[in-house]
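Peer 1: Okay, here's the structure, questions in a sec.
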Amino acid sequence: QEIRAIIKEIQGGIGRANNEMEQAIYAVGEQETAVDATSQAFNEISTAIEALVDKINDVAQTAMALSKNAEDVRTGIEKVAVISQESAAATEEVAASTEEQTASSEEISAAASQLAKIASELQKQINNFKV
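Mapped onto the working numbering, the consecutive letters of the sequence shown carry residue numbers 14 to 144.
This is the structure in structure tokens:
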């Protein structure tokens, strides 16, 4: 009787151990599935990060190109400003030269008018000496 009780107890322990082993196998299977899902999620995250890095690099290159274009435009504007200043200076010189020529022409005209008056006076004086 005792042996039968011990055997039944052992068989019960074996049954419980068998049930626990089945539960452990099921839990390991569930954990394996969860690990596979986590691994897939990390792979997707890694792929998304790589794509994001590529896009960031594209944006950085575009920003650098825009910066260079802006610098080229600034340089062009500076050149135009220099040319405008040189042109303005040349225009001022031409205007000053024109004023000087106008003043000289006015002086020559006044001198010619004065000479004409003197010539007329001289002619009158000469006519006075004629008999």
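Just so it is clear, CB atoms sit at the ideal spot from N, CA and C, and this is done for glycine as well.
Here the structure is a predicted model, which is why all the values come from computation and not from measurement.
1. Going along the chain, which unbroken runs of the alpha helix (DSSP H) with 4 or more residues stay wholly within the segment 67-124?
2. What's the C-alpha gap between A123 and S133?
3. Just how far apart, CA to CA, sit I69 and S59?
4. I'd like the list of long-range same chain contacts for D85, defined as Cβ closer than 7 Å, with 5 residues on each side in sequence excluded.
5. In chain order, what residues of the same chain have a beta carbon less than 6 Å from the beta carbon of I19, not counting five sequence neighbours either side?
6. Just the Cα atoms here: how many angstroms apart are L79 and I62?
Peer 2: The structure says:
1. none
2. As a first step, residue 123 must be located in the sequence shown, where it is residue number 110. As a first step, residue 133 must be located in the sequence shown, where it is residue number 120. Approximately 15 Å between the Cα atoms of the pair.
3. Your numbering for residue 69 matches position 56 in the sequence shown. Your numbering for residue 59 matches position 46 in the sequence shown. Approximately 15 Å between the Cα atoms of the pair.
4. What you label residue 85 is simply residue 72 of the sequence shown in a count that begins at 1. So the list is empty, once near-sequence residues are dropped.
5. Looking up residue 19 in the sequence shown gives position 6. The answer is none, since no qualifying residue turns up.
6. Reading the sequence shown from its first residue, position 66 is the one you call residue 79. Reading the sequence shown from its first residue, position 49 is the one you call residue 62. Approximately 25 Å between the Cα atoms of the pair.
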